[in-house]
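From first to last, the protein sequence lines are chains A and B.
Here this note's numbering = 1-based position in the first sequence + 2.
Here this note's numbering = 1-based position in the second sequence + 2.
Even for Gly, the Cβ is constructed at its ideal location relative to N, Cα and C.
What you are looking at is a predicted structure, and each value in this text was computed from that prediction instead of being measured.
Report on the following structure.
There are 2 protein chains.
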Amino acid sequence: MQQRASRIVVLAGGIGGARFLRGLQQAAPDADITVIGNTGDDIHLFGLKVCPDLDTVMYTLGGGIHEGQGWGRADETFAVKDELKAYGVGPEWFGLGDRDFATHIVRTQMLAAGYPLSAVTEALCERWQPGVRLLPMSDDRVETHVAVEVDGERKAVHFQEYWVRLRASVPAEAIVPVGADQAKPAPGVLEAIADADVILFPPSNPVVSVGTILAVPGIREAIADAGVPVVGLSPIVGDAPVRGMADKVLAAVGVESTASAVALHYGSGLIDGWLVDEVDAGHVGPVEEAGIRCRAVPLMMTDTDASARMAAEALALAEEVRAV
Amino acid sequence: MQQRASRIVVLAGGIGGARFLRGLQQAAPDADITVIGNTGDDIHLFGLKVCPDLDTVMYTLGGGIHEGQGWGRADETFAVKDELKAYGVGPEWFGLGDRDFATHIVRTQMLAAGYPLSAVTEALCERWQPGVRLLPMSDDRVETHVAVEVDGERKAVHFQEYWVRLRASVPAEAIVPVGADQAKPAPGVLEAIADADVILFPPSNPVVSVGTILAVPGIREAIADAGVPVVGLSPIVGDAPVRGMADKVLAAVGVESTASAVALHYGSGLIDGWLVDEVDAGHVGPVEEAGIRCRAVPLMMTDTDASARMAAEALALAEEVRAV
């Protein structure tokens, strides 16, 4: 009798989520993987709808990613961007390449024609064949804004402006996923969670990536109620983010930049297992006491093989949790 | 006492109009030129608003045109187009380059923000500095459709589809500037006509370029009432179009492809002077009898100097008309 493929649901942000997913595909080639992608980073630029996290997952798994950069397209050119600058039309700080522009043009045209983002994402994936089912967390507009103080003035800026233009160089006083409280999970999201055998949180940003997905009413509850192992991977190694600037936004929500603090931030009501890096092996006491099973393994995604080993460890920890 | 600059109004289509205008600028460097551009060729492609004739004038006079081709940008690349094709998104028959895309992105964003096309065109021209005041004939949407029979099926296609995709290879049974009857002249159009010293019709297409402009209620009447010389240049030389496929659309409106027939199509109620090519010198009898003063000069715009000589002849004929 043939066993059905293992059904894995992954909550993904951008670069970290995408690289983890590539490893997961290598570690579990027969798995049926559904990705719930963060759309809180989405932004309208030049009248076009840009979905950075969905595109990073799609391009990475579809073989179109700029490998060195981790986002955007390989072999990019910038004729459109140069022309927009010649017209004096900004912002200049968000560097869209010509190939990438085409994706946003197609998406914007389909949205204007009335298709929801989930249908648009599916259509784009018909070309890229990422090998996973990629769902936006919601078809409703959610935009993460960051409260900052710049030159003595308090204001809220779009997350992309905070992250890309300001390079997180000023303290984030608050992180607000605007619209999340009114958003509904996209079609298929709750069903995929309910049908999952395992749910994974990659080492994505716990506040502005995974946290934003969890802020859509119904998703956190569905995960808690799924009755299957939920395993996360720490985005913090040795008290510093694996990549990116996760520490900046953790501070805004009052969470320390440690692997343990992030696990406790998710909480034992949500996650059952937690992978930390070997350097943090000695600090997981409070997490285990809270009822979250920990394991220490190398957590640096230096290449796809390393990511695959991490994914395999996460799946192994899930089975350990299940067996308890 | 300094004389004020001569005020010239030109009704322009695309390539022919743009090349004539470049000649006019050389022939009358101090003139104050207002161009009323045809927008019946405008089309929405990939969700973006494309204005082929306005852009051809803007790029030609602003130094950005692809000289050999006559339309589109010089030094173009086609990354966006290739990507759209990879997504299976058409049409493929309309070849927009990356630089050109930027213009349409800026225009579409401004229109979506509520600016009328005339304001958008002015903003785009701030970059290009075409040396003329470029006005769309109307801020209202007008789209020239062509009734054709393809494979036994009668249907109406957008003018661009007829011209670019079908290459005017099937007979045009009717040409309809959809929306023209409800359109209002753009701000400044009627004022420019009323204030003009001379009004010129370049050797643009008399049906789908100049004819469409004249189909906007108020424009034809304003020209007839302006009380200043109105001089046209024949787009037909020796019974064939100077360039393009004007004969195909002339047939649809029941006009012969001859310099004389086009002049009589405009009519003496509209034009006072008519330039024909030297090869047509012997055939202008009926035009002169109708009260339109003719002159035969070389009408091939082989380079800017040739276009400038044509423009100078048109202005000279206007003065001859004025003196009568």
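Taking only the alpha-carbon atoms, compute the straight-line gap between residue i and residue j and give it to the nearest angstrom.
i: residue 225 of chain A; j: residue 189 of chain A; result: 16 Å
i: residue 270 of chain B; j: residue 74 of chain B; result: 36 Å
i: residue 3 of chain A; j: residue 34 of chain A; result: Model confidence at residue 3 of chain A stands at a pLDDT of 46, short of 50, so the residue's coordinates are unreliable; what they give is reported in the following sentence. Rounded to the nearest angstrom, the two C-alpha atoms are 18 Å apart.
i: residue 297 of chain A; j: residue 319 of chain A; result: 8 Å
i: residue 273 of chain A; j: residue 83 of chain B; result: 45 Å
i: residue 167 of chain A; j: residue 144 of chain B; result: 41 Å
i: residue 164 of chain A; j: residue 209 of chain B; result: 54 Å
i: residue 93 of chain B; j: residue 207 of chain A; result: 40 Å
i: residue 235 of chain A; j: residue 258 of chain A; result: 16 Å
i: residue 80 of chain B; j: residue 310 of chain B; result: 34 Å
i: residue 88 of chain B; j: residue 22 of chain B; result: 39 Å
i: residue 158 of chain A; j: residue 175 of chain A; result: 10 Å
i: residue 126 of chain A; j: residue 105 of chain A; result: 8 Å
i: residue 251 of chain A; j: residue 187 of chain A; result: 24 Å
i: residue 293 of chain A; j: residue 249 of chain A; result: 25 Å
i: residue 200 of chain B; j: residue 61 of chain B; result: 24 Å
i: residue 113 of chain A; j: residue 275 of chain B; result: 52 Å
i: residue 233 of chain A; j: residue 281 of chain A; result: 19 Å
i: residue 256 of chain A; j: residue 124 of chain A; result: 37 Å
i: residue 183 of chain A; j: residue 277 of chain A; result: 30 Å
i: residue 312 of chain A; j: residue 136 of chain A; result: 21 Å
i: residue 260 of chain B; j: residue 122 of chain B; result: 37 Å
i: residue 50 of chain B; j: residue 323 of chain B; result: 44 Å
i: residue 279 of chain A; j: residue 128 of chain B; result: 57 Å
On the criterion of 16 or more Cβ atoms from any shown chain inside 10 Å, does residue i qualify as buried, or is it exposed?
i: residue 169 of chain A; result: exposed
i: residue 302 of chain B; result: exposed
i: residue 69 of chain A; result: exposed
i: residue 231 of chain B; result: buried
i: residue 120 of chain B; result: buried
i: residue 152 of chain B; result: exposed
i: residue 295 of chain A; result: buried
i: residue 316 of chain A; result: buried
i: residue 95 of chain B; result: exposed
i: residue 326 of chain B; result: exposed
Starting from residue i, trace the alpha helix (DSSP H) both ways and give me its first and last residue.
i: residue 195 of chain B; result: 191-197
i: residue 130 of chain B; result: 119-130
i: residue 23 of chain B; result: 17-29
i: residue 287 of chain A; result: 287-291
i: residue 225 of chain A; result: 221-227
i: residue 96 of chain A; result: It is not in any alpha helix (DSSP H) - residue 96 of chain A carries neither H nor E in the DSSP assignment.
i: residue 64 of chain B; result: 54-64
i: residue 307 of chain B; result: 306-325
i: residue 158 of chain A; result: Run containing residue 158 of chain A: none in the alpha helix (DSSP H); it sits in the beta strand (DSSP E), 155-160.
i: residue 252 of chain A; result: 248-254
i: residue 84 of chain A; result: 81-88
Quick one: give me the first and last residue of the beta strand (DSSP E) that residue i is part of.
i: residue 138 of chain B; result: 135-138
i: residue 210 of chain B; result: No beta strand (DSSP E) holds residue 210 of chain B; DSSP gives it neither H nor E.
i: residue 267 of chain A; result: Counting along the chain, residue 267 of chain A falls outside any beta strand (DSSP E), though it belongs to the alpha helix (DSSP H) covering 261-268.
i: residue 276 of chain A; result: 275-278
i: residue 9 of chain B; result: 9-14
i: residue 45 of chain B; result: 45-47
i: residue 68 of chain B; result: Premise fails: residue 68 of chain B is in no beta strand (DSSP E) and is neither H nor E.
i: residue 38 of chain B; result: 34-39
As a quick exercise: from the options, pick the residue whose alpha carbon is nearest that of residue i.
i: residue 220 of chain A; options: A:310, A:193 and A:31; result: A:193
i: residue 195 of chain A; options: A:21, A:299 and A:37; result: A:37
i: residue 141 of chain B; options: B:201, B:44, B:160 and B:23; result: B:44
i: residue 52 of chain A; options: A:108, A:150, A:139 and A:215; result: A:108
i: residue 205 of chain B; options: B:7, B:8 and B:12; result: B:12
i: residue 110 of chain A; options: A:66, A:215 and A:48; result: A:48
i: residue 180 of chain B; options: B:191, B:171, B:198 and B:160; result: B:160
i: residue 162 of chain A; options: A:233, A:281, A:16 and A:316; result: A:16
i: residue 46 of chain B; options: B:129, B:63 and B:146; result: B:146
i: residue 118 of chain B; options: B:282, B:284, B:156 and B:139; result: B:139
i: residue 284 of chain B; options: B:312, B:323, B:239 and B:304; result: B:239
i: residue 31 of chain B; options: B:19, B:314, B:322 and B:116; result: B:314
i: residue 304 of chain B; options: B:291, B:155, B:321 and B:244; result: B:244
Our contact map puts residue i next to residue j with C-beta atoms below 8 Å; I'd like the distance itself, whole angstroms only.
i: residue 2 of chain B; j: residue 253 of chain B; result: Any question about residue 2 of chain B goes unanswered here, given that chain B covers just 3 to 326.
i: residue 264 of chain A; j: residue 300 of chain A; result: In fact, because the Cβ distance is near 18 Å, the residues do not count as touching under 8 Å.
i: residue 40 of chain A; j: residue 211 of chain A; result: 5 Å
i: residue 9 of chain A; j: residue 198 of chain A; result: 5 Å
i: residue 56 of chain A; j: residue 134 of chain A; result: Incorrect: roughly 12 Å between the Cβ atoms, too far for contact.
i: residue 76 of chain B; j: residue 90 of chain B; result: Not a contact, Cβ separation roughly 30 Å.
i: residue 59 of chain B; j: residue 19 of chain B; result: 6 Å
i: residue 218 of chain B; j: residue 185 of chain B; result: 5 Å
i: residue 306 of chain B; j: residue 28 of chain B; result: 6 Å
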